[in-house]
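Trainee:
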Amino acid sequence: MTVPSRPHDQETILVTGGAGFIGSHTVVELLSLGKHLVIVDNLCNSSEEALHRAKILANNNGSLVFHKADILDAIALERVFEQHKFSACIHFAGLKAVGESAQIPLGYYQTNVTGTLNVIQLLQKYNCRNFIFSSSATVYGLPTSEAPIKEDASIGALNPYGRTKQYIEEILQDIAVSEPNLWNIILLRYFNPVGAHQSGIIGEDPNGIPNNLMPFVAQVAIGRRPVISVFGDDYDTKDGTGVRDYIHIVDLAKGHVAALNKIQSTVAANSALGCVPYNLGSGVGYSVMDMIHTMSKSVGRALPYKAVARRVGDVGSVIADPSLSERELGWKAEKTLQDMCDDLWRWQTQNPDGYITTSGTSTPTTPTPASHSSIVTLPTTLLPIVTSVPKATLKPIALDTEADSPAAFAMALSPSSSPAPGPNADIAF
Ligand code: UD1
Numbered sequence: 183m184t185v186p187s188r189p190h191d192q193e194t195i196l197v198t199g200g201a202g203f204i205g206s207h208t209v210v211e212l213l214s215l216g217k218h219l220v221i222v223d224n225l226c227n228s229s230e231e232a233l234h235r236a237k238i239l240a241n242n243n244g245s246l247v248f249h250k251a252d253i254l255d256a257i258a259l260e261r262v263f264e265q266h267k268f269s270a271c272i273h274f275a276g277l278k279a280v281g282e283s284a285q286i287p288l289g290y291y292q293t294n295v296t297g298t299l300n301v302i303q304l305l306q307k308y309n310c311r312n313f314i315f316s317s318s319a320t321v322y323g324l325p326t327s328e329a330p331i332k333e334d335a336s337i338g339a340l341n342p343y344g345r346t347k348q349y350i351e352e353i354l355q356d357i358a359v360s361e362p363n364l365w366n367i368i369l370l371r372y373f374n375p376v377g378a379h380q381s382g383i384i385g386e387d388p389n390g391i392p393n394n395l396m397p398f399v400a401q402v403a404i405g406r407r408p409v410i411s412v413f414g415d416d417y418d419t420k421d422g423t424g425v426r427d428y429i430h431i432v433d434l435a436k437g438h439v440a441a442l443n444k445i446q447s448t449v450a451a452n453s454a455l456g457c458v459p460y461n462l463g464s465g466v467g468y469s470v471m472d473m474i475h476t477m478s479k480s481v482g483r484a485l486p487y488k489a490v491a492r493r494v495g496d497v498g499s500v501i502a503d504p505s506l507s508e509r510e511l512g513w514k515a516e517k518t519l520q521d522m523c524d525d526l527w528r529w530q531t532q533n534p535d536g537y538i539t540t541s542g543t544s545t546p547t548t549p550t551p552a553s554h555s556s557i558v559t560l561p562t563t564l565l566p567i568v569t570s571v572p573k574a575t576l577k578p579i580a581l582d583t584e585a586d587s588p589a590a591f592a593m594a595l596s597p598s599s600s601p602a603p604g605p606n607a608d609i610a611f
């Protein structure tokens, strides 16, 4: 089928799952560079508020259009493609809880694999073959040695979530091979992303009890949970607790910018990458006890913890070899472990209940300074206080640059100045 050409003078990037933890931090970096973004997110584990804040953090640079849509809804997705001409796609949308994936594997395969196929089919149909995939170090499964893991290590995920990532990687490899010299696909294998934006304005807001270590530690620090459970103290590591390669979320976000640059320069050179994996990690391992001690410094008091049995499926040590990313993407992690903990604590203290409170969308509270790094001062008092943001199921919410000042932004969002439109109306901010 011939696709009608649409006028466009600026490159537009499709970001699926852009309202989530990794997505929203990447959105800040891309907007700050003046990029034009179209975000598709069903908000099942994320908040539209993160996008409003991302826009402010980027000083209203670039542009952002939000479509609340599910990647499983191929019709809704195609409407997005009909409205925008994409130069590249960064695909974050998907489910990510390891334990849940064992309980509802079908749901995970459906959302992650079928959802990705929907996105890829439309990219192919609308002639965009530049794709960055949110993969995970989980694809490596049980490391065969303690040595830092290189991208050519054997693959073998250990749980349904991990297998969705692995299968998608394999599908993407097949697609790249099927159309030689056309696709530029970068698989970004994340190690352990933690922390928050240095402003404390956006961060990780997990649903329910956090599965991962650092969000749990942060909730103990703020008093939402009593004690940290340390899973296993008899691993063959320096203090017996699990060692991981933690990476600051802003460093990780910048890894996506580096990947995008790599694709753009490849396209400019009339070449094609095919499908290439890159590790995004720091290359340094820290133990659970290192994390608790460092976070205790950020918080200013010792955090309570207790040793419990190993978690099923856990491994002792997982560390990236990030040298390929440094060599080929010109990217490396720069922030320290203390930065990760200070920024996480700043986010947690400013947003003790995450983005949403019982009364609606929260406004960050007065920051509690972390003692180890400076706070980026932002007009937090001008952030919108919204009890209900009108939602449009398939229609875009344009976070355009007209209402550029934070004050105008807040005005535009106030329920009195922004009457709820009908179900099919566009909502312009
Ligand atoms: C987990 C997932 C992995 C996923 C990654 C995303 C499992 C088995 N693996 O990896 O597939 O890609 O998150 O970030 O769930 N720990 C505690 N107490 C806690 C939580 C964790 O001691 O309450 C320990 C763990 O045993 C581990 C370390 O902290 O040694 C990090 O755990 P976590 O944050 O869950 O990440 P991973 O296990 O690396």
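Our numbering numbers the first residue of the sequence shown as 183 and each following residue consecutively. Ideal Cβ positions, reconstructed from N, Cα and C, are used throughout, including at glycine. Bear in mind the structure is a predicted one, so any value in this text is a computation, not a measurement.
Please indicate yes or no: does the CB of Tyr343 lie closer than 7 Å to some heavy atom of the ligand UD1?
Mentor: Because some heavy atom of the ligand UD1 lies under 7 Å away, the Cβ of Tyr343 counts as near it: yes.
Trainee: Around the C-beta of Cys271, are 16 or more other C-beta atoms found within 10 angstroms, so that it is buried, or is it exposed?
Mentor: So Cys271 counts as buried.
Trainee: Would you check if the region 294-302 and the region 234-249 touch, i.e. whether three or more CB-CB distances between them fall below 8 Å?
Mentor: No, they do not touch.
Trainee: Would the C-beta of Phe413 count as close to the ligand UD1, meaning under 7 Å from any of its heavy atoms?
Mentor: Yes, the ligand UD1 has a heavy atom inside 7 Å of this Cβ.
Trainee: Could you give the residue range of the beta strand (DSSP E) that holds Arg371?
Mentor: Here the beta strand (DSSP E) through Arg371 covers 366-372.
Trainee: Flag this pair as touching only if the region 320-340 and the region 377-390 have three or more C-beta atom pairs under 8 Å; answer yes or no.
Mentor: Counting Cβ pairs under 8 Å, fewer than three are found: no touch.
Trainee: Mind checking which residues open and close the beta strand (DSSP E) that includes Asn312?
Mentor: First-last of the beta strand (DSSP E) with Asn312: 312-318.
Trainee: From the DSSP output, in three-state form, read off Pro459 for me.
Mentor: In this structure, Pro459 counts as strand in the three-state DSSP scheme.
Trainee: For Tyr343, write down the residues that DSSP places opposite it in a beta bridge.
Mentor: In the DSSP output, where bridge partners are listed per residue, Tyr343 has none listed.
Trainee: Just checking Gly202 against the ligand UD1 - is the residue's beta carbon closer than 7 Å to any of the ligand's heavy atoms?
Mentor: Checking the Cβ of Gly202 against the ligand UD1 gives no.
Trainee: Pair every Cβ in the region 259-275 with every Cβ in the region 330-339, then say whether three or more of these pairs are closer than 8 Å.
Mentor: Contact fails: fewer than three Cβ-Cβ distances are below 8 Å.
Trainee: Using 7 Å as the cut-off, classify the Cβ of Gly297 as near or not near the heavy atoms of the ligand UD1, replying yes or no.
Mentor: Flag unset: Cβ of Gly297 not near the ligand UD1.
Trainee: Do Ala319 and Arg235 have their beta-carbon atoms positioned less than 8 Å apart in this structure?
Mentor: No, the pair does not count as a contact, with Cβ atoms beyond the cut-off.
Trainee: Taking the beta carbon of Lys420 as the centre, do at least 16 other beta carbons fall within 10 Å, making it buried, or is it exposed?
Mentor: Exposed.
Trainee: Kindly indicate which three-state DSSP category Val210 falls into: helix, strand or coil?
Mentor: In the structure shown, Val210 sits in a helix (DSSP, three-state: H, G or I).
Trainee: In angstroms with no decimal places, state the Cα-to-Cα distance between Leu485 and Val409.
Mentor: For Leu485 and Val409, the distance between alpha carbons rounds to 8 Å.
Trainee: Identify every run of the beta strand (DSSP E) within the region 403-461, keeping only runs that are complete inside it and at least 3 residues long; order them along the chain.
Mentor: Segments of the beta strand (DSSP E) lying fully in the region 403-461: 410-413, 428-430.
Trainee: Where do the ends of the alpha helix (DSSP H) carrying Val262 lie?
Mentor: Where Val262 is concerned, the enclosing alpha helix (DSSP H) stretches over 256-265.
Trainee: Please classify Asn606: does DSSP put it in a helix, a strand, or coil?
Mentor: Low confidence applies to Asn606: its pLDDT is 28, below 50, so where it sits in the model is not reliable, and the reading given next is rough at best. Coil.
Trainee: Tell me whether the beta-carbon of Val197 lies closer than 8 Å to the beta-carbon of Leu219.
Mentor: Contact flag set, yes.
Trainee: Quick one: is Pro397 buried, meaning 16 or more other Cβ sit within 10 Å of its Cβ, or exposed?
Mentor: Burial call: buried.
Trainee: Nearest to Gly390 by alpha carbon, out of Ile538, Gly463, Ser206?
Mentor: With distances taken between Cα atoms, Gly390 lies closest to Ile538.
Trainee: Between which residues of its own chain and Ile501 is the CB-CB distance below 6 Å, once the five residues before and five after are set aside?
Mentor: Same-chain partners within the cutoff: Pro330, Asp427, Gly467.
Trainee: In this structure, does DSSP put Ile391 in helix, strand or coil?
Mentor: Coil.
Trainee: Are Tyr417 and Ala441 touching if we call contact CB-CB under 8 Å?
Mentor: Their beta carbons are not under 8 Å apart, which means Tyr417 does not touch Ala441 by this criterion.
Trainee: Could you give the DSSP three-state label for Leu494: helix, strand or coil?
Mentor: The question names Leu, but residue 494 in the sequence shown is Val. Reduced to three states, the DSSP call for Val494 is coil.
Trainee: Please name the residue in Asp415, Ile404, Ser478, Lys444 whose C-alpha comes closest to that of Asn533.
Mentor: Out of Asp415, Ile404, Ser478, Lys444, Ile404 has the C-alpha closest to the C-alpha of Asn533.
Trainee: Please report how far the alpha carbon of Val458 lies from the alpha carbon of Phe313, in whole angstroms.
Mentor: Straight-line Cα distance between these residues: approximately 11 Å.
Trainee: My guess is that Ile204 and Phe248 are in contact by the Cβ rule of under 8 Å, so how many angstroms apart are they, rounded?
Mentor: The pair is not a contact, with the Cβ atoms about 17 Å apart (cut-off 8 Å).
Trainee: Could you name the residues of the same chain whose beta carbon sits closer than 6 Å to that of His266, not counting the 5 residues immediately before and after it, in chain order?
Mentor: So the qualifying residues of the chain are Thr194, Val220.
Trainee: Hey, would you say Ser447 sits closer than 8 Å to Leu369, going by beta carbons?
Mentor: Not closer than 8 Å, so no.
Trainee: Since Thr293 and Gly276 are thought to touch, with beta carbons under 8 Å apart, how far apart are those beta carbons, to the nearest angstrom?
Mentor: About 6 Å; that satisfies the 8 Å criterion.
Trainee: Are any of the Cβ atoms in chain B nearer than 8 Å to that of Gln303?
Mentor: Absence of chain B from the displayed structure is noted, only one protein chain being present.
Trainee: Run through the DSSP bridge pairs and tell me what Tyr468 is partnered with.
Mentor: DSSP, once it has assigned bridges, lists Arg426 as partnering Tyr468.
Trainee: Please determine, among Val321, Leu462, Ile286, Leu254, the residue with the shortest C-alpha to C-alpha distance to Thr298.
Mentor: Nearest C-alpha to Thr298: Leu254.
Trainee: What separation, rounded to the nearest whole angstrom, lies between the Cα atoms of Ala284 and Ile350?
Mentor: If I take the Cα positions, the gap works out to 18 Å.
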